[in-house]
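Before any comments, here is the structure.
Number of protein chains: 2
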Amino acid sequence: MPVQSKKEIIAQDIIQKIRFAQYKPGDYLPSEHRLCELYGTSRETVRKALAQLTSLGLIQKIRGKGSLVLDVQNFTFPISGVVSFKDFDKQQGKSSDIEVLNLSERTSPSTFGGHNLNRRAPSYYVEHLRYIDNIPSVLNQEFLFKEAVPIITKADVINSLYSYLERTLGLNISYSTKEITVERVPERIAKILKLTDDHYAAVIRSMSYLDDTRLFQLTTSYQRPDKFKFIDFERRKNAARS
Amino acid sequence: MPVQSKKEIIAQDIIQKIRFAQYKPGDYLPSEHRLCELYGTSRETVRKALAQLTSLGLIQKIRGKGSLVLDVQNFTFPISGVVSFKDFDKQQGKSSDIEVLNLSERTSPSTFGGHNLNRRAPSYYVEHLRYIDNIPSVLNQEFLFKEAVPIITKADVINSLYSYLERTLGLNISYSTKEITVERVPERIAKILKLTDDHYAAVIRSMSYLDDTRLFQLTTSYQRPDKFKFIDFERRKNAARS
DNA sequence: TAGTGGTCTAGACCACCAC
DNA sequence: TGGTGGTCTAGACCACTAT
Numbered sequence: 022m023p024v025q026s027k028k029e030i031i032a033q034d035i036i037q038k039i040r041f042a043q044y045k046p047g048d049y050l051p052s053e054h055r056l057c058e059l060y061g062t063s064r065e066t067v068r069k070a071l072a073q074l075t076s077l078g079l080i081q082k083i084r085g086k087g088s089l090v091l092d093v094q095n096f097t098f099p100i101s102g103v104v105s106f107k108d109f110d111k112q113q114g115k116s117s118d119i120e121v122l123n124l125s126e127r128t129s130p131s132t133f134g135g136h137n138l139n140r141r142a143p144s145y146y147v148e149h150l151r152y153i154d155n156i157p158s159v160l161n162q163e164f165l166f167k168e169a170v171p172i173i174t175k176a177d178v179i180n181s182l183y184s185y186l187e188r189t190l191g192l193n194i195s196y197s198t199k200e201i202t203v204e205r206v207p208e209r210i211a212k213i214l215k216l217t218d219d220h221y222a223a224v225i226r227s228m229s230y231l232d233d234t235r236l237f238q239l240t241t242s243y244q245r246p247d248k249f250k251f252i253d254f255e256r257r258k259n260a261a262r263s
Numbered sequence: 022m023p024v025q026s027k028k029e030i031i032a033q034d035i036i037q038k039i040r041f042a043q044y045k046p047g048d049y050l051p052s053e054h055r056l057c058e059l060y061g062t063s064r065e066t067v068r069k070a071l072a073q074l075t076s077l078g079l080i081q082k083i084r085g086k087g088s089l090v091l092d093v094q095n096f097t098f099p100i101s102g103v104v105s106f107k108d109f110d111k112q113q114g115k116s117s118d119i120e121v122l123n124l125s126e127r128t129s130p131s132t133f134g135g136h137n138l139n140r141r142a143p144s145y146y147v148e149h150l151r152y153i154d155n156i157p158s159v160l161n162q163e164f165l166f167k168e169a170v171p172i173i174t175k176a177d178v179i180n181s182l183y184s185y186l187e188r189t190l191g192l193n194i195s196y197s198t199k200e201i202t203v204e205r206v207p208e209r210i211a212k213i214l215k216l217t218d219d220h221y222a223a224v225i226r227s228m229s230y231l232d233d234t235r236l237f238q239l240t241t242s243y244q245r246p247d248k249f250k251f252i253d254f255e256r257r258k259n260a261a262r263s
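As given, the protein sequences belong to chains A and B, one line each in that order. Going by the working numbering, the first residue of the first sequence is number 22, and it counts up by one from there. Going by the working numbering, the first residue of the second sequence is number 22, and it counts up by one from there.
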């Protein structure tokens with residue numbers, strides 16, 4: 022009874038080999054047939070592993086030739102998502118500071134970013150500010166529904182909210198939607214982020230769902246424009262659609 | 022010899038049934054076993070079709086129960102990408118105007134958005150402006166490498182660049198990377214987009230690749246902040262990573 | 001021609017859910 | 001217990017690339 026599935030083990034193994042240049046950009050991976058032998062599995066299982074690498078943008082499969090390792094040197098690993106602070110703390114070893122401005126109990130709003138939520142739920146409201154290079158860079162405001170998150174402390178927020186939710190509470194976060202816009206923000210937020218003359222910030226509104234599809238988190242994140250970058254890797258869908 | 026694969030046909034069929042409310046949010050799809058019977062295929066094939074719907078955010082699979090149809094009413098269909106103008110022209114029936122400001126031949130730059138490109142290529146340079154509600158909203162500057170795009174006219178740009186590249190030239194666009202930032206733009210661009218006092222715009226830099234992994238297009242897109250929105254649907258990866 | 005990836009099959013065993 | 005999805009197998013046939 023494997024802790025991870027075979028396809029997962031194979032995928033992770035090849036990812037590591039790419040990361041540490043055992044397979045280099047421009048190389049072809051061993052053929053699927055060869056990978057079957059190497060890992061002692063069937064071809065469909067190998068193919069499921071490779072499909073993961075494809076969707077991550079690490080390889081490109083070319084029929085009749087093989088699986089070509091792509092060049093992702095210039096990108097974060099993997100390449101998708103907001104990189105505003107990942108760059109700074111995790112990769113460069115700086116621990117970014119987080120200041121909790123507010124932790125209280127509130128009812129969640131009935132609308133969010135123009136979306137109707139159908140209900141309001143008893144929640145924790147958390148407001149926290151992230152410093153990058155000692156510059157206040159990201160202001161987060163979020164509602165955490167109490168039915169999923171019965172208790173939370175400032176320490177949990179500072180350490181890592183996701184780690185707390187997943188490891189301590191055992192919540193399975195399944196998916197989320199994000200909307201990125203550029204907005205003039207209220208005076209108070211502009212002051213906190215020390216925006217200059219104009220009050221433009223990148224705003225990310227996110228709704229997160231558990232694996233039983235219950236909505237449990239609403240987040241609004243205000244980012245200093247000069248500290249914000251969103252990276253995306255996108256495979257072209259199969260053309261011809263209705 | 023199917024024009025499309027079975028999994029593709031099944032996926033499209035179910036997508037249409039969701040789109041037209043034959044399967045409604047909160048419903049479970051027929052079980053995989055039942056879908057096998059309905060489409061006369063094996064289970065793995067059905068599962069590949071469902072995997073596509075899962076990654077599109079249309080369904081959520083729940084072990085022991087079934088495939089739950091998610092509620093995407095508030096979102097564009099499918100939910101990912103820049104919606105700044107899709108909202109306006111295609112869905113609301115307005116044909117947005119495009120003005121071609123420049124179409125000339127230039128050598129592509131050696132760097133792009135901080136990335137080193139290793140080479141410079143003879144290219145077409147296209148600059149075009151998109152109007153939404155008669156407001157100049159998106160300024161696009163792009164390089165199209167001549168080795169992939171031997172000839173291009175203003176009409177091609179106005180009609181639809183992607184349609185021209187794929188249908189007329191037969192190029193297979195495989196994937197692209199996008200970087201979204203918020204920047205103060207040069208005076209000239211601010212004037213074209215009629216930005217007010219401050220000169221902030223959302224900037225999308227994109228590199229597009231063919232299915233043989235050749236880079237063939239560099240695009241810089243400047244978007245009026247009030248006309249810009251980027252939507253993303255993101256499934257949470259399997260937790261525990263190194 | 002031999003090797004590659006793309007698709008599909010008909011089974012199998014397992015884990016989870018509801019009854 | 002029976003139904004659901006999650007994983008895996010050992011084959012098969014096809015389309016494309018190379019030589």
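Note that beta-carbon positions come from the ideal geometry of N, C-alpha and C, so glycine has one too. Keep in mind the model is a prediction, meaning the values are calculated, not measured.
Beta-bridge pairing of TYR145(A) - partner residues as DSSP gives them
GLU126(A), LEU165(A)
Q) Which stretch, first to last residue, makes up the alpha helix (DSSP H) that contains SER181(B)? A) 175–184
Run through chain A and tell me which residues come within less than 7 Å of ILE39(B), C-beta to C-beta.
Here the premise fails: no neighbours, minimum Cβ distance about 13 Å.
- Query: Taking only beta-carbon atoms, is GLU53(A) less than 9 Å away from chain B?
  - Reply: no
Span of the alpha helix (DSSP H) around GLU53(A): 53–60
- Which residues share a DSSP beta bridge with GLN25(B)? None; GLN25(B) has no bridge partner.
**Q.** Min CB distance ILE31(B) to chain A below 9 Å
**A.** no
Using the C-alpha atoms, what's the distance from LEU89(B) back to LYS248(A)? 38 Å
Check whether the region 31–39 of chain B touches the region 71–83 of chain B, taking contact to mean three or more Cβ pairs, one atom from each stretch, closer than 8 Å. As far as the Cβ criterion goes, the region 31–39 of chain B touches the region 71–83 of chain B, which means the pair count is three or higher.
- Distance, Cα to Cα, ILE210(B) vs SER52(B)? 54 Å
*asked:* I'd like to check one pair, TYR145(A) with LEU124(A): are the Cβ atoms closer than 9 Å?
replied: yes
Fill in: Proximity of ALA32(A) and LEU91(A) at Cβ, strictly below 9 Å
No, the Cβ-Cβ distance between ALA32(A) and LEU91(A) is not below 9 Å.
Inter-residue spacing [alpha-carbon to alpha-carbon] between GLY19(A) and VAL93(B): This structure does not reach residue 19(A), given that chain A is present from 22 up to 263, and the question cannot be answered.
Just checking: is the beta-carbon of THR241(A) within a distance shorter than 9 Å of some beta-carbon in chain B?
No, its Cβ sits nowhere closer than 9 Å to a Cβ of chain B.
Open item on the list: List, from N- to C-terminal side, the alpha helix (DSSP H) runs of 4 residues or more that fit wholly inside the region 191–246 of chain A.
Closed with: 208–213
* Quick one: does GLN238(B) have its CB under 9 Å from some CB of chain A? -> no
In DSSP terms, what TYR89(B) is bridged to = Checking the sequence shown, residue 89(B) turns out to be Leu, not Tyr. LEU89(B) pairs with TYR49(B), GLN81(B).
Give me the residue from THR189(A), GLU163(A), GLY85(A), ARG257(A) with the minimum Cα distance to TYR183(B). ARG257(A)
Contact set between GLN162(A) and chain B, taken where Cβ atoms lie within less than 7 Å: Within chain B, no residue comes near GLN162(A); the closest Cβ sits about 19 Å away, beyond 7 Å.
### Query
Which one or two residues does DSSP pair with THR189(A) in a beta bridge?
Bridge partners of THR189(A): none, in fact.
- Query: Counting contacts by CB-CB distance shorter than 9 Å, is PHE254(A) in contact with chain B?
  - Reply: yes
Quiz prompt | Backbone secondary structure at SER76(B) - three-state DSSP | solution = helix
Which same chain residues end up closer than 7 Å to PRO246(B) when comparing Cβ atoms and leaving out the 5 residues on each side of it in sequence? TYR221, ALA222, ALA223
| Endpoints, beta strand (DSSP E) assigned at PHE251(B) | 251–256
- Query: From TYR230(A), HIS149(A), ARG68(A), pick the residue whose C-alpha is nearest to that of ARG55(A); which is it?
  - Reply: ARG68(A)
> Where DSSP assigns a beta bridge to THR118(A), which residues make up the other side?
Replying inline: Looking at the sequence provided, one finds Asp at residue 118(A) rather than Thr. For ASP118(A), which the question treats as bridged, DSSP gives the partners TYR152(A).
Under 9 Å between C-beta atoms, does VAL147(B) make it to chain A? no
Practice task
Tell me whether VAL170(A) sits in a helix, a strand or coil according to DSSP, three-state version.
Solution key: coil
Q.
Can you list, in chain order, the residues of its chain with a C-beta nearer than 6 Å to that of GLU200(A)? Leave out the 5 residues immediately preceding and following it.
A. Correct list, in chain order: GLY134, ARG226.
*What are the partner residues of VAL103(A), as DSSP defines its beta bridges?*
Residue pairing by DSSP places VAL103(A) opposite PHE251(A) in a beta bridge.
- Amino acids of chain B, ordered along the chain, whose beta-carbon sits closer than 9 Å to that of GLY78(A): TYR196, THR198
| query | Is PHE109(B) helix, strand or coil when you go by DSSP? | reply | Only weak support exists for where PHE109(B) lies, its pLDDT of 49 falling under 50; the coordinates are left without a value.
Take the Cβ of ILE156(A) as the centre, count every other Cβ of all protein chains shown within 10 Å, and call the residue buried at 16 or more, exposed below.
exposed
- Message: Strictly under 9 Å for the Cβ-Cβ distance: is GLN81(A) near chain B by that measure?
- Response: yes
Proximity below 9 Å, CB of GLN162(B) to CB of SER229(B) = no
Discussion item. Between PRO246(B) and chain A, is the shortest Cβ-Cβ distance under 9 Å, so that the two count as touching?
Written reply: Cβ-Cβ to chain A under 9 Å: yes for PRO246(B).
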